[in-house]
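Below is one structure, written out as structure tokens; the observations come after it.
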Amino acid sequence: AAELGSLMHELRGMRVTIGLRSDVVVRGVVEEADDAMNSTISDVTLVPSNGGVSVAYSLLYLRGRQVRWLEVPDQVDVLRTLQQREQRGKRSLQTFRSHKRRDKKREHGQAAVAKQPSAGTSDRDHRVVPMGTADRRS
Numbered sequence: 566a567a568e569l570g571s572l573m574h575e576l577r578g579m580r581v582t583i584g585l586r587s588d589v590v591v592r593g594v595v596e597e598a599d600d601a602m603n604s605t606i607s608d609v610t611l612v613p614s615n616g617g618v619s620v621a622y623s624l625l626y627l628r629g630r631q632v633r634w635l636e637v638p639d640q641v642d643v644l645r646t647l648q649q650r651e652q653r654g655k656r657s658l659q660t661f662r663s664h665k666r667r668d669k670k671r672e673h674g675q676a677a678v679a680k681q682p683s684a685g686t687s688d689r690d691h692r693v694v695p696m697g698t699a700d701r702r703s
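Under our numbering, residue 703 is the last one in the sequence shown; the count climbs by one each step, no gaps.
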């Protein structure tokens, strides 16, 4: 299901047909979607399976768990789209991990620098002056 959610996310801006568990068919343009297939669809037409009257909506929110099937537009290569999405996810995870390592190194380096007093200074050499006050030496 996560793969289909990823696919739905990649279909943003495309016209799709979605079959719901209630046997209603939804046709419209995917505006937003998450990996759970929760989606916002615009320019919507709901078609009941019993041949009833179609209903049009300008915007519709679908819960992913209600989706039974998804008809993907012909111009979309499903396998390639899912592979690209997976690669982007791996790159994002690698980037996240490398940034986390870099940040840890920086924190460790700053902590080491903060602990080491500079040569030739003592605590008496430093004064703390509150912000916004002038240094008043007479």
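The beta carbon of each residue, even a glycine, is placed where N, CA and C say it ideally should be.
Residue i and residue j closer than 9 Å at C-beta
i      : j      : result
MET573 : GLY629 : yes
ASP588 : SER607 : no
ILE583 : VAL620 : no
SER571 : LEU644 : no
GLU596 : LEU624 : yes
GLN640 : GLU575 : no
Status (buried if at least 16 other CB within 10 Å, exposed otherwise) for residue i
i      : result
GLU651 : exposed
VAL581 : buried
GLY593 : buried
VAL618 : exposed
Cut-off 6 Å between Cβ atoms - residues of its own chain near residue i, not counting five sequence neighbours on either side
i      : result
GLU638 : Position check: residue 638 holds Pro in this sequence, whereas Glu was assumed. Result list for PRO638: MET579, in chain order.
TYR622 : VAL609
ALA598 : MET573, HIS574, SER604
LYS670 : none
ASP642 : none
VAL612 : VAL590, SER619
Per DSSP, the bridge partner or partners of residue i
i      : result
THR646 : Partner(s): none; THR646 has no beta bridge.
LEU576 : None, per the DSSP bridge assignment.
ALA598 : SER604
VAL590 : GLY584, VAL612
VAL641 : VAL641 pairs with nothing; no bridge assigned.
VAL632 : LEU585
Same chain, Cβ closer than 7 Å to residue i, five either side skipped, listed in chain order
i      : result
TYR626 : THR605
ARG586 : GLN631, ARG633
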